[in-house]
Each structure stands twice: as structure tokens, then as C-alpha cells.
Amino acid sequence: MVHIPELVDAHCHGVVADAVDADAFALWCSEASVPAPPGVSYLDGPLGLAVRRWCAPPLDLPAHAPAAAYLARRAELGADEVTRRMLRAAGLATLLVDTGLRARADRWLGADGLGEAAGAEAAEVVRLETVAQRVAASGVTASGFAPAFAAALADATRGAVAVKSVLAYRHGLGIDPERPPARAVTAAVGEWLRVGGGRLIDPVVLRHVLWCGVDTGLPVQVHTGFGDRDLALTRADPALLQPWLAAAEPSGVPVVLLHCYPYHRHAGWLAQVYPQVYVDVGLTLGHVGGRAGPVLAEYFELAPFGKLLYSSDAYGLAELFLVGAAQFRAALTQLVTEWTGAGVLAATDARRLASAVAADNARRVYRLPGA
Amino acid sequence: MVHIPELVDAHCHGVVADAVDADAFALWCSEASVPAPPGVSYLDGPLGLAVRRWCAPPLDLPAHAPAAAYLARRAELGADEVTRRMLRAAGLATLLVDTGLRARADRWLGADGLGEAAGAEAAEVVRLETVAQRVAASGVTASGFAPAFAAALADATRGAVAVKSVLAYRHGLGIDPERPPARAVTAAVGEWLRVGGGRLIDPVVLRHVLWCGVDTGLPVQVHTGFGDRDLALTRADPALLQPWLAAAEPSGVPVVLLHCYPYHRHAGWLAQVYPQVYVDVGLTLGHVGGRAGPVLAEYFELAPFGKLLYSSDAYGLAELFLVGAAQFRAALTQLVTEWTGAGVLAATDARRLASAVAADNARRVYRLPGA
Amino acid sequence: MVHIPELVDAHCHGVVADAVDADAFALWCSEASVPAPPGVSYLDGPLGLAVRRWCAPPLDLPAHAPAAAYLARRAELGADEVTRRMLRAAGLATLLVDTGLRARADRWLGADGLGEAAGAEAAEVVRLETVAQRVAASGVTASGFAPAFAAALADATRGAVAVKSVLAYRHGLGIDPERPPARAVTAAVGEWLRVGGGRLIDPVVLRHVLWCGVDTGLPVQVHTGFGDRDLALTRADPALLQPWLAAAEPSGVPVVLLHCYPYHRHAGWLAQVYPQVYVDVGLTLGHVGGRAGPVLAEYFELAPFGKLLYSSDAYGLAELFLVGAAQFRAALTQLVTEWTGAGVLAATDARRLASAVAADNARRVYRLPGA
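Protein chains in written order, with our numbering: chain H, 1 to 371; chain D, 1001 to 1371; chain R, 2001 to 2371.
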């Protein structure tokens, strides 16, 4: 039996600290943005089952307690206590929190609150497009944008461990790989400001912002693969990023491809042939529920084991920290146990591999204490 | 052990009621349109093995009886008796039959004949392009097409439970999502009629016809993924339909993505994020033979369980009704048994899930009796 | 237990016969072209583990001996002895060697040397683009290219068993399917010669060269799917070749899709619907290490069993011949044993299927002795 150590959850978000009603809870357990039609419940799906499996026991209920009983007990304990129990049960050493996305809620728990609840270290991941939109909303001129953004990014990343791009949501990953010239950036920002700023979708500005992320020297996390329906799935294939990965390679800056499913095999190949490319299994392992074992195994087909990272991509519900962690532990234990039994690797290699993917790779890539 | 109830086979076609010789039988067991080259037999493949496995016993032969013995016994019993035995063995409550496709055969069994042979309810699915081609062949003018098609479709769908689009075969799924303006439809129909009508491949007319399908208020079945070589596989990815799914969402009309393989994981995501989207495992489970278990499990990775439907997509050979049903039962039983044993779900959830996918979801979506 | 006979390794390359140091060895165990970053080793990946698993015993070390011990023993025995041991342990009847690719090395073992080391028959596969580049470098004129290439190809293929295209590396598989007219070829060659010849990337010349490959009447091997980073993964999907496969079908010339991963399910469909199309599992089964079993099974989902071929795609290291063979044997044994046990097929079909994929299909397609 291979022991999986405390995890580094290398990509997650804040959680709602208000009470959550049944409909909102079901919606948080999916990537959907509207309620399910009559006869369908998002809780009757891979992730919903996984929540009832892993999260009921920390609330003193038997695994698979009915959803109604679960929600009643959740309300009884209150959001703070539930958050504390979920995050403690997840067994985390460190959380890296993308602070650029926040749902509407009166009380919202960010990096500090999550770290405290988990009894773990917490550090920040800075979302590039959020900083850019803030700068655009600040009254900057088109020609003033580039220096103002550079300053704002330098400020925002002080103490942060990574930056993050949501290019997949804003344009898709098939971009011109080169750094856009200053004049083109100014022109594109001018257009963007002319329509009032707001959601950044201009490909030239997005590329500029992405390259500025590289310039920070911090690892760049890139959303790839599935997510909510704001993205076009066919434009979120990480293989579309290949020209940009080649262009960014000389910088030596690590690029972490997040999620990747259903293109995770593509991502594994990129991690094998580009030295600076890594793959994070976050989001996927939670969402696929009982299929976490076989799906995790597919990430191990081409990627060097030093290139694979764990995260939960938890967002909104504290439960998602525990679901991600529990499924990752179970799936990784199953994989290395099966492989050791079948003679695929030696027990000593199995331990090393498990420790690398669970925490050591993240400590090294994000230069965390203990690396 | 989870009991799988009688199935709703929610997408199938008619079968040949003539005698079928060895070459034709082999061809019906593949999506190929020409004979296999020397040294290769289509029966020596996943589906061919599955036919010998599941269909020999109802003909009083041992499972895996050689193909020659199977075909001899088949001839001895006659097509009617074979059809009756296969359909009874499939354990069907209801069949939904796409009546818009018919192979050359003297005797052809459609919805009524199949229902009688199966001892099951049978209802019709109307193929949109077939109706459109019939209207085009009727001597209609370009400007008369739209009202004539509307009337013909209203007539054809009286008593039907769904409509079906084969857009994937005619153009590919990457269409302009919006309903085309009347003037554009008239112009495109004019071009089509000018070349004599026939096979409908014009994208504007195809879109018009698809939107008229939505207007019926009946669920719209859409062919996606593999099929015969008339389609370009890369243009049959259901994710290409994403813009149209968004455009059609306000109608509330269910869209059922048929088949989907090898893009079934993409389809599962669509079913999670678009409330009106469903996924049907038909065709795939028969064709992949001994791999039905692992492949079915992949459909359960992202789709809510209330969004998954069974069908055989049987066409031409009565055997394909039984192969589809038998493999689906075996694969679903294996999945929920394994999941229950591993603690992924509770036994009561397992029963509910199996019943939903086998029949209840189809009854609800297609508004069948017993829903 | 199904016996897997001696294999036909239907696609492989030469190996370095010099000593190989630790860094070079690690690089040969990946598709990467530059060293791994600090903290990452290419040997700590699926293929690296597989090398330690399968190749240590023939060097008199226990399976999974540490990499340092393995490399020391390898140096002690010398390249010739290591090559002999690896190739003998692979259990090969025949090797088909692509002679158009050669790494920098003082001593390089080609078809003859490999055959001798293996105690097996060896035959040549001629790489089309290599011949074309040789002709371009010979001082030919634009208008003289076509006849000179035809003559050179006729000469090069004398005694060869197949030709090979690396179109995926040079342009991608999404080409205009038709044979380019002579005038267009001359013009394109003129442009190519004008820039000094060299690496052939012009799509018109590539198409001409591919069609000349068909004209030889020999089977055409086509690289598809992953490889080194010289290719764009999204342009290496074998389904992009569909129009060309249709155009080339009347020739009757077999087309063997090599590798295919992660698009191997797409390839299986092509092999089902195009009579002249075959699928080779080479490269993939070695690289995916402990995942060879589940990945091989995916090749068996749509392809007729008479259409599947084995190869190692070994290149550079003799170990890759053994890894490919050992993993293929283990994976195929596991698949047919599991299927036989589950009643998917009869034992007699299992033996036939295993023998077909391991050797018989290759003997028939490449017209080898014993076919």
C-alpha cells in the first residue's frame, strides 16, 4: 500500500461562506449555469455522487446519505464549520488560490480564510485578465495601458506563486504565438476602451497579457479543456497552444496546462516534448466521479512523472476540496498498487512517483517552501 | 446484482425481411459499403464476434458457433422467425424507429412490423432531410418550398415522437447557428431545385430544415460521431454543434446527440452544460463488441445520469437489436456492480441510475406512456 | 493462455551501435529533443520504467534495476552484445526497417545488421521524402525532377516491402487529396530548388511524392498521431486523411496508418470503412508503458482484426525493440485472456486473432514469405 502524503492543491478558488440552498448546491456541483430540466438533477451525476460519498462522513453522516439529509446537516453545522471540516479532511499542506474569480456572495472565503480553515499554507495565483480589466477600468489611455498593466501586474504578483490565463474562455487557444508589437497592443486597447472596457476578448490584448505573464518569471497556469459553457470546447484543446509553447520555451518559464480533459492525452504529449510544460489533473478528477481511476491513468500515458501536478480546482463549495483530494488519493493509490502488483514498477519507484505527483512536483515548479 | 428492466430502444431502423447471404450479412455487420479485401472478414471484428456471442443461442446454437453454421441455421429458420427471436430476446418495452432510411430489399420491416415482432410498443422518428427531399421532388417552386415543407413535416410528425437530423452526413456539424432568413432559404432551394433536387447538402436548406425540426416541439435527434464513410469524421464532432445548441436552447426542445463515439466525452460535457442536451449511446455499444463495458463507462464521466439514453441504432439485421441490448445490459450491470462494490454509489442509487438510463429517461424525454 | 507467436515488427528504424551515455540514453527514451528540466527525468516516465522492467533481465540484472546500474552493465557488455540480447529477447520473425532516418552516430545498425542481431529476416521500407530530397540535391532541374524521382524511387524500392510517408511532419495530413498536375509539380519543385532544396515541406511536392508511392504498388505506411515536436499534433489526426484515402482507394494499394495515438479510435474507424486501410500500433505501445493493455484494447474497438498490425517503431536504442515486443505480447495476452474468460470470444477465435495481429496480417499485407 503506497502512502499518499499531504497534498499541494496547486489550483483552486474561493468558496461561498454563506448558507447555500438546495438549488444552488446542485448548480455548484456542475459546470452548468442554469438549473437542470425537470426529471434531471445535477446531483445525480458523477460529481454529485462523489460529494455524497466523500463529504457525508466528515459531517457525521454515513457515506451516500441522501442529498436532503446532507443539506439539512450542512445547514445545521453552518458554513464555517462545514468549510473547516472539509478542508481538514482533504489533508492539504498548501493551497494555491486563483483570486481572480469570485461568485456573488455576501461572505466569500479567499486565500487567507481557506489556509486558516485547512490549517495549511496558502499562496496566491494572479489571474492575468482580471488585472488587465481592472487597469482598463481605471481610466487609463490606450497608450498608457501597457505600462500601467506592467506596474499593476508587478504589484499584484508580489508574494504570488503563479499567474493564470483564461485565454481559452476569451478567444480559444489557437493564437498567433508571437508577442504582439507595442503599436498593435495600443491600437487594440484603444478599440477595447472605446467600447467601454469590460470582459477582455481581444486576441491581441490577450496575447500581450499572456506574454506579460511570462515576463513575471512565475509559472503560467493556462486553462485548457472543459469548463463552463463560456468556452468553445473545440478551441480549448491544449494542442492548439503548441506554437505558443514553442515560442515561449526560450524563457524557461514553466507553463502548467490545467484540467485538459477530454484532451488530456494531448497534454501528456506536450509535457513530454516541451521541457517547460507541465500538466495539472485539477477539475477533471472531481468531476468524473467514479471514473477518476481510469481517467487519472490516462494522464500517465505520455507525461513524464515529474511533469504531473495535483489540484482540485475547487470553486464555491468547500466540498470540492475534499472530493478532489479524496478521489485523487484513491485513484493514485489504485494506479500504483495495480502497477506494482503487475510488475510495471518497483515499490520504491511507486512511492517516489506518488510523492512527486501529490506534492513534490508542485513544490519544485512553484518554488514553495520544502522544495 | 442490479436488475436492468425492459429497455426503450430510442433510435433504430427497419430490417431486411428477405434472406441475407453470407457476403451481405458480413457487410451489415460493419459500417463499410464495400466488401473487405482478401484475408479480412468484417465478421472477424468486435461486432461480428458479438453477433456470434449473443445471437447464436436464440437460434438454438451454442454461443460463438462458427459463422457458416450460424448462417445455415438462420436460413433454415427463415427471416421472420429469426427477427421474432432476436427482438423477443432483446427485452424491449418500446422501439423508436427512424423511418427515413431504407435499404434495397423486397421485404422491409418498419415500425409496425418491428413492434409486432418484438411484442413491444413502436413509434416513429421522422428524418427531416427525407421529408425535405420528398417535398423537393414533388414539383414545388423555390418560394413554395418553405410552406410545403412545413405542411409535409406537420403531416409526417403526426403521431411521431421525435425528428432526426443527418446534418453530419450532409455538411458536417459546424454550421452557422442562426435560423436562416426566408429569402436565403428560397435562394438556396432555388439552386437545389435547379440541379434537380436529390440528396440535400446545401447548408442553408439544411439549417432551415433543422430549425423547422425544432419548431415541431418534438425532441430532435442528431447524428454525431462515426457512421458510414459518407461522413467526414472530423466534421461529426458534436462539440462543433455548440453554437447551435446555445441558439436553440431558448426553445426548450430536447436535443439528443446520437452515437457520439469517438467524441462521446465531448458529448457528455455538452449534456452537462446545456440543459436541453441529452446523449444516446446507440450504435457505439454494438460496434465496440467486447469493449462495451469500458466505453459505456466513458459516457458516465461528465453527463448527468438523467441525460443518458439507450438505443441500438439497429439497421438491416434483426441481430443488431439483440446485440445492442445485450451489450448495454452487460456493460451497465458491470459498471453499477463495480461502482457499488467500490463504494462509488449506494445500491439504491445504482438501481435508480440503471432504470433511468435503460428506460425512464427515454420515457420522459420522448413523452412515452409510463413516463 | 493464448500463445503469441514470433512477431513481425512491421515498422522500425536503425539503432546506434556506439556507446550511449546517460543523458543520451534518457533522451532516446522520449520523443523530446532537449534535456528534461531540473527535477525531471525522462527515465521516470512510462517508457523509462518499461525499459527497466523488460530490458534489465536480458542483461542479467533484476527487473527494475536502477538506471545507473543498468547503464553500467550496458557499457560493460558493449553495444553489440546489448543489441544482440535485446533483439533475440524480442522474439522476432521479421523486421521491416525504415531506412530513411538516421541519427548522428559513428556506427549505425541498419536493416542487415538488425536482422543478423535478431536472427530474423529483415526487409526495407523506403521513405519517400528522403528519396525526393536526395533527388533534389542531385542537381536536377525543376522539369527533370518528376522523371528523376520516378527512376530513383523505382531503384530504391527494388527489394523493398513498403514505402513510407512523413507528410504529418512536413505539412500535416489535411491535404488536397488529388494527384497534382505535372505543371504544378514542376512549378513547386522550381520554388523548392530555388531556396536550395533541403527539407521538403511544399504541399504540392509532398502530394506528388505520396502519389508516386501509391504508384509503386507497395503498401504505403503513413505516420499519424504523436511523434517528436516537429509535428503539429492537431494536424496529425489520421481522420484528416479521409479525402485522400477515398481518392487512393481505387488503386487497391494498402495504406497502413502508423502509431495514431491519441487518435487511434479515429484510425480504427477508417480501417473499418476503407477497404485498403490498416492500423499499426507501433510507437504507442512502447511509450505508454504500464498502460499498454488498456490502450491496445482501444485499437480493438472498431478495426476489423484483419486490419491491425504490430510494430515497435524502435529507433536509436535496441531496447525499444524489446520493450515494444514485450508490451505488445503482454497486452495482447491480457486482452484475449480477459475476453475469453468473459465469453466475448471462443478460445479458437482468440488464437486466430492473436496470430493475425502479431504476424499473419503483416505477412499478408507486405507479401512476406509465409503469407
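Note that CB positions come from ideal geometry on N, CA and C, so glycine has one too.
Keep in mind it's a predicted model, so treat the numbers as computed, not measured.
Review point. Roughly how many whole angstroms lie between the Cα atoms of R:Leu2335 and H:Pro294?
Key: 16 angstroms
Exercise for review: Closer than 7 angstroms, Cβ to Cβ, to anything on chain H: give me those residues from the stretch 1257-1268 of chain D, in chain order.
Suggested key: Arg1265 and His1266
Review point. Considering only residues of the stretch 137-212 of chain H, which uninterrupted alpha helix (DSSP H) runs meet the minimum length of 4 residues and lie entirely inside it, listed in chain order?
Key: 142-156, 167-170 and 182-194
Point to revise | R:Gly2172 versus H:Val2: straight-line alpha-carbon distance, rounded | key: 43 angstroms
**Study point:** Rounded straight-line distance, which links the Cα of R:Ala2271 to that of D:Pro1057
**Key:** 30 angstroms
Review point. Since D:Asp1202 and D:Trp1192 are thought to touch, with beta carbons under 8 angstroms apart, how far apart are those beta carbons, to the nearest angstrom?
Key: 5 angstroms
Check your understanding: Is the CB-CB distance between R:Phe2226 and R:His2259 below 8 angstroms?
Key -> yes
Practice item. Within its chain, find whatever has a CB closer than 8 angstroms to the CB of D:Ala1156; leave out the 5 residues flanking it on each side and keep chain order. Key: Val1126 and Val1131
Practice item. Determine the extent of the alpha helix (DSSP H) in which H:Asp23 is found, giving its start and end residues. Key: Ala22 to Trp28
Practice item. Give the straight-line distance between the Cα atoms of D:Thr1141 and D:Ala1150, rounded to the nearest whole angstrom. Key: Between D:Thr1141 and D:Ala1150, the C-alpha separation is close to 14 angstroms.
Check your understanding: Between which two residues does the beta strand (DSSP E) containing R:Val2279 stretch?
Key -> Val2277 to Asp2280
Practice item. Whole angstroms is fine: what's the gap from H:Leu96's alpha carbon to H:Ala362's? Key: 10 angstroms
Check your understanding: Using the rule of at least 16 other Cβ atoms within 10 Å of the residue's Cβ for burial, across every protein chain shown, is R:Gly2196 buried or exposed?
Key -> That one is exposed.
Review point. Can you list, in chain order, the stretches of the beta strand (DSSP E) that have 3 or more residues and sit fully within the stretch 246-308 of chain H?
Key: 255-259 and 277-280
Exercise for review: Return the Cβ separation of R:Leu2128 and R:Val2163 in integer angstroms, given the expectation that the two are a contact with Cβ distance under 8 angstroms.
Suggested key: 5 angstroms
Review point. If you measure beta-carbon to beta-carbon, which residues of the stretch 60-77 of chain H are closer than 8 angstroms to chain D?
Key: Ala63 and His64: these are the residues of the stretch 60-77 of chain H whose beta carbon lies less than 8 angstroms from some beta carbon of chain D, given in chain order.
Check your understanding: Are any of the Cβ atoms in chain R nearer than 8 angstroms to that of D:Tyr1042?
Key -> D:Tyr1042 counts as touching chain R.
**Study point:** Cα-Cα separation between D:Leu1071 and D:Ala1022, rounded to whole angstroms
**Key:** Taking the straight line from one Cα to the other gives about 7 angstroms.
**Study point:** Where the stretch 2286-2308 of chain R meets chain H: residues whose CB sits under 8 angstroms from a CB there
**Key:** His2287, Val2288, Gly2289, Gly2290, Arg2291, Pro2294 and Val2295
Practice item. Would you mind stating whether H:Val8 and H:Thr94 have Cβ atoms separated by less than 8 angstroms? Key: yes
Point to revise | N-terminal and C-terminal residue of the beta strand (DSSP E) that R:Leu2095 is part of | key: Leu2092 to Asp2098
**Study point:** Residues near D:Glu1298 by beta carbon distance below 7 angstroms, same chain, minus five either side
**Key:** His1264 and Arg1265
Review point. Is the shortest distance between the beta-carbon of H:Pro275 and the beta-carbons of chain R less than 8 angstroms?
Key: So yes, H:Pro275 belongs to the interface.
Review point. How would you list, in chain order, the residues of chain D whose beta-carbon sits under 9 angstroms from the beta-carbon of R:Arg2367?
Key: The premise fails here: R:Arg2367 is roughly 11 angstroms from chain D at the closest Cβ pair, so nothing lies under 9 angstroms.
Point to revise | Closer than 7 angstroms at the beta carbon, the chain H residues around D:Trp1244 | key: Here the premise fails: no neighbours, minimum Cβ distance about 12 angstroms.
Check your understanding: Per DSSP, which one or two residues make a beta bridge with R:Gly2316?
Key -> R:Val2015
Check your understanding: Within the 8 angstroms Cβ cut-off, does R:Arg2364 reach chain D?
Key -> yes
Practice item. Could you spell out where the beta strand (DSSP E) holding D:Thr1224 opens and where it closes? Key: Val1220 to Thr1224
Review point. Helix, strand or coil: which one does DSSP assign to H:Glu76?
Key: helix
Point to revise | For H:Thr284 and R:Tyr2310, the rounded distance between their alpha carbons | key: Looking at the two C-alpha atoms, the distance is approximately 33 angstroms.
Check your understanding: CA-CA distance, D:Asp1018 and D:Ala1318?
Key -> Here the C-alpha atom of D:Asp1018 lies approximately 11 angstroms from the C-alpha atom of D:Ala1318.
Review point. Closest Cβ-Cβ distance between D:Asp1374 and chain H: below 8 angstroms?
Key: This structure gives no information on residue 1374 of chain D, because the portion of chain D shown stretches from 1001 to 1371.
Check your understanding: D:Asp1349 CB to nearest chain H CB: under 8 angstroms?
Key -> Answer yes: the Cβ-Cβ gap between D:Asp1349 and chain H drops below 8 angstroms somewhere.
Practice item. Please report the residue range of the beta strand (DSSP E) in which R:Val2125 lies. Key: Glu2121 to Arg2127
Check your understanding: What are the residues that DSSP puts in a beta bridge with D:Asp1112?
Key -> Answer is none; D:Asp1112 lacks a bridge partner.
Check your understanding: Using the rule of at least 16 other Cβ atoms within 10 Å of the residue's Cβ for burial, across every protein chain shown, is D:Gly1268 buried or exposed?
Key -> buried
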